[in-house]
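Quick note: the sequence shown uses my numbering, first residue 5, plus one each step.
For reference, the structure is listed below as structure tokens.
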Amino acid sequence: MLWRHNNNISLVLKLLTDYLYAKNSYDSMPLFTKPREHASFGVAVYADLNDFLIQIKQNSIQHSSLPFHILYEHKKVLHLLVEYLIKIDCIADSQSMLNDFSLLVEKTIVLRNLYLKFEISEDHSLINKMRESLESIQALEASALESLIDLIEMICKRDFSIV
5 MLWRHNNNIS
15 LVLKLLTDYL
25 YAKNSYDSMP
35 LFTKPREHAS
45 FGVAVYADLN
55 DFLIQIKQNS
65 IQHSSLPFHI
75 LYEHKKVLHL
85 LVEYLIKIDC
95 IADSQSMLND
105 FSLLVEKTIV
115 LRNLYLKFEI
125 SEDHSLINKM
135 RESLESIQAL
145 EASALESLID
155 LIEMICKRDF
165 SIV
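Right, here's the structure in full:
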């Protein structure tokens, strides 16, 4: 198994767990540059994106598609991580898990495109659709991450006696 030579699996587990529970990984990783004071971590970004959409609806903030581009790119990276963990035999090949992470990518590109459509049309009804989409994405991501973390924890317990 290729991954046995990779000592970073426990780090992957820690970072995924921090992300799922919206913990600040920077506090325990002195190598990283400290984030801004009011930064959000992990799944807490969904609440911030929801607030962002509310503020846009109230015309109290400048429009920006950047958060939605970043969210989409992040889901692509998570999907690539799952593919990589399967490729190196760290986790079992799970079509269900791959499907969940693929669906996350699809849902976030739809969300991003809805936002771009809103920027062009200024149709405020799209904001409600985007907020519903955020809620759906967050629920799917939490479920998929819990499953992924469980798989990695099993490997770490079995092969490294850690967790």
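Note that the Cβ used here is the ideal one computed from N, Cα and C, for glycine as well.
| Query | Result |
| --- | --- |
| Short Cβ contact (8 Å threshold) for Leu-53 with His-83 | no |
| Cα-Cα separation, Cys-160 to Lys-18 | 11 Å |
| Buried or exposed by the 16-neighbour rule on C-beta atoms within 10 Å, applied to Asp-97 | exposed |
| Backbone CA spacing between Met-5 and Ser-69 [nearest angstrom] | Residue confidence for Met-5 is low, a pLDDT of 49 falling below 50, so the modelled location carries little weight and cannot support an answer. |
| Classification of Glu-139 by the beta-carbon crowding that lies within 10 angstroms, buried from 16 upward | exposed |
| Cβ-Cβ distance between Met-101 and Tyr-119 below 8 Å | no |
| Where Asn-103 falls: helix, strand or coil (DSSP) | helix |
| Range of the contiguous alpha helix (DSSP H) that encloses Ile-95 | Run containing Ile-95: none; DSSP gives neither H nor E here. |
| Validate contact between the region 120-129 and the region 58-77 using beta carbons, cut 8 Å, 3 pairs | yes |
| Candidates Ile-13, Val-81, Leu-20, Asp-154, of which the one nearest Thr-112 by Cα | Val-81 |
| Close Cβ partners of Leu-152 (< 7 Å) along its chain, the five nearest in sequence each way excluded | Leu-20, Val-86, Met-101 |
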